[in-house]
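From first to last, the protein sequence lines stand for chains A and B. Heads up: the first sequence begins at 1 in full-length UniProt numbering, then just goes up one per residue. Heads up: the second sequence begins at 1 in full-length UniProt numbering, then just goes up one per residue.
Protein chains: 2
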Amino acid sequence: MSLPHAILTALLEKPSSGLELTRRFDKSIGFFWPATHQQIYRELGRLEEAALIRALPGPPARGRRREYEVLDAGRAALRDWVAASEDPRPVREPLMLRLRAAAVVGSEGLAEELRRHRQLHAERLAAYRDIEARDFPDPAGAPEGVRLQHAILAAGIGMEEFWIGWLTGVLGTLGED
Amino acid sequence: MSLPHAILTALLEKPSSGLELTRRFDKSIGFFWPATHQQIYRELGRLEEAALIRALPGPPARGRRREYEVLDAGRAALRDWVAASEDPRPVREPLMLRLRAAAVVGSEGLAEELRRHRQLHAERLAAYRDIEARDFPDPAGAPEGVRLQHAILAAGIGMEEFWIGWLTGVLGTLGED
DNA sequence: CTCGGTTTTGCACTCAGTTGCAAAAGGTGC
DNA sequence: GCACCTTTTGCAACTGAGTGCAAAACCGAG
Numbered sequence: 001m002s003l004p005h006a007i008l009t010a011l012l013e014k015p016s017s018g019l020e021l022t023r024r025f026d027k028s029i030g031f032f033w034p035a036t037h038q039q040i041y042r043e044l045g046r047l048e049e050a051a052l053i054r055a056l057p058g059p060p061a062r063g064r065r066r067e068y069e070v071l072d073a074g075r076a077a078l079r080d081w082v083a084a085s086e087d088p089r090p091v092r093e094p095l096m097l098r099l100r101a102a103a104v105v106g107s108e109g110l111a112e113e114l115r116r117h118r119q120l121h122a123e124r125l126a127a128y129r130d131i132e133a134r135d136f137p138d139p140a141g142a143p144e145g146v147r148l149q150h151a152i153l154a155a156g157i158g159m160e161e162f163w164i165g166w167l168t169g170v171l172g173t174l175g176e177d
Numbered sequence: 001m002s003l004p005h006a007i008l009t010a011l012l013e014k015p016s017s018g019l020e021l022t023r024r025f026d027k028s029i030g031f032f033w034p035a036t037h038q039q040i041y042r043e044l045g046r047l048e049e050a051a052l053i054r055a056l057p058g059p060p061a062r063g064r065r066r067e068y069e070v071l072d073a074g075r076a077a078l079r080d081w082v083a084a085s086e087d088p089r090p091v092r093e094p095l096m097l098r099l100r101a102a103a104v105v106g107s108e109g110l111a112e113e114l115r116r117h118r119q120l121h122a123e124r125l126a127a128y129r130d131i132e133a134r135d136f137p138d139p140a141g142a143p144e145g146v147r148l149q150h151a152i153l154a155a156g157i158g159m160e161e162f163w164i165g166w167l168t169g170v171l172g173t174l175g176e177d
């Protein structure tokens, strides 16, 4: 139930076509909820059918650009969702399973993979830091909306830092740092 | 592709029936890869068909307990998987989307939900700490297998601590801590 | 204007995870 | 032994996400 609300949010920030949404997802919302263009088009169709968004006028046709905007019902649905209650989704971390498997059958070949993951996390961390420097020069003094957006980014930064530190620790445990 | 390997690992630690596996998942592997009994039975069937595990002798019958053990091919497959390369799965964090939605339509009702999440994370953290105190009195001096198992738990502890701290920070941002 | 490449939209299929439910065996009280 | 409850196994249908691919419109070169 998250993708439709992510799309509503993005459309409220700026009415867009499916392809624009896809591009914007790739550089912001997608960090915490990736989506392909196929998913997005499907969801736009459902949202339109549910009368939460509407396409700006023009003859509907395949291959023809369609710009969407959020209707009042959509805004209301989003507001409800913000206040709704939903449990955190279960953690699913294949790397933990692999460590556990390694504890049983031996850790042959594992260290290299851990280093690769550390590298990937480091790259993502650098990307987040860039965005932070560019878009949030003074988060503390900003209005609530901006402070919330910064909090999201801060979560990403914190997570990546955590994984990098943890991976380094495990590599130490394997005598391979 | 993770569940079958999780099951192989669990069966190597101790041959079990489907129901036993389900129970063991609930208190250990399931923290990082939850699975229902239906999933587990389905996967046991596939693993048996692939000749990676076998049921201990006895007439196969529905409703009748079947104990499984890992075959050499299964152990080999697991070893390969430990050394395999697999990208971290994309992050999917609905709470981040809700913050972002809140930045657009207002944060009405959000703080309560954040407190609830903080509470849930605190409970899980406490559970992890209990396990740590009970099962890992001296992780540093233990053999590699045990150190790896402790690293898994340490990841869980670190994650929960991180979320608790971050949620507290956001609540502060909302002027609601 | 028409041909070919690009953009934009969208369908169809697969796969993993979730939920609901039922069938077969085993155990317990009468 | 039989009536009933519990344990254990398993099927079936659904949902959300991922992948491949194609159709319609658009656009620039000649």
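Virtual Cβ for every residue (Gly too), placed ideally from N, Cα, C. Nothing here was measured: the structure is a model prediction, and the numbers come from that model.
Nearest chain B C-beta to residue i closer than 8 Å, yes or no?
i, result
"R134 of chain A", "no"
"Q39 of chain A", "no"
"A6 of chain A", "yes"
Considering only residues of the same chain and omitting the five flanking positions on each side of residue i, which have a CB-CB separation below 7 Å?
i, result
"A73 of chain A", "A51, L52"
"W81 of chain B", "H5"
"R65 of chain A", "S17"
"L21 of chain B", "I7, A10, I40"
"P60 of chain A", "R66"
What residues are listed by DSSP as bridge partners for residue i?
i, result
"S16 of chain B", "B:Y68"
"Y55 of chain B", "Checking the displayed sequence, the identity of residue 55 of chain B turns out to be Ala instead of Tyr. Answer is B:Y68, bridged to A55 of chain B."
Leaving out the 5 sequence neighbours to the left and right, which residues in its chain are closer than 8 Å to residue i when beta-carbon positions are compared?
i, result
"H117 of chain A", "L95, W163, L167"
"residue 265 of chain B", "Lying outside 1 to 177, the shown extent of chain B, residue 265 of chain B is not represented and no answer is given."
"A142 of chain B", "F136, H150"
"P15 of chain B", "L56, E67, Y68, E69, V70"
For residue i, decide whether its Cβ has a neighbour in chain A, counting only Cβ atoms nearer than 8 Å.
i, result
"R89 of chain B", "yes"
"R92 of chain B", "yes"
"T168 of chain B", "no"
Residues in the segment 97 to 121 of chain A having any Cβ partner in chain B nearer than 9 Å: Against chain B - using a Cβ distance shorter than 9 Å - the residues of the segment 97 to 121 of chain A are L97, R98, L99, R100, A101, A102, A103, V104, V105, G106, S107, E108, G109, L110, E112, E113, R116, H117, L120, H121.
Contact set between the segment 71 to 85 of chain B and chain A, restricted to residues whose Cβ is under 8 Å from the partner: R75, L78, R79, W81, V82, A83, A84, S85
Every unbroken beta strand (DSSP E) within the UniProt domain "Transcription regulator PadR C-terminal" (91 to 174) of chain A, with a cutoff of 3 residues, ordered by chain: none
Contact set between the segment 140 to 159 of chain B and chain A, restricted to residues whose Cβ is under 9 Å from the partner: E144, G145, V146, R147, L148, Q149, H150, A151, I152, A154, A155, G156, G158, M159
Chain-ordered residues of the segment 57 to 70 of chain B with a beta carbon less than 7 Å from chain A: none
Chain A contacts made by the segment 10 to 42 of chain B, where a contact means CB separation under 8 Å: L12, E13, I29, F31, F32, W33, P34
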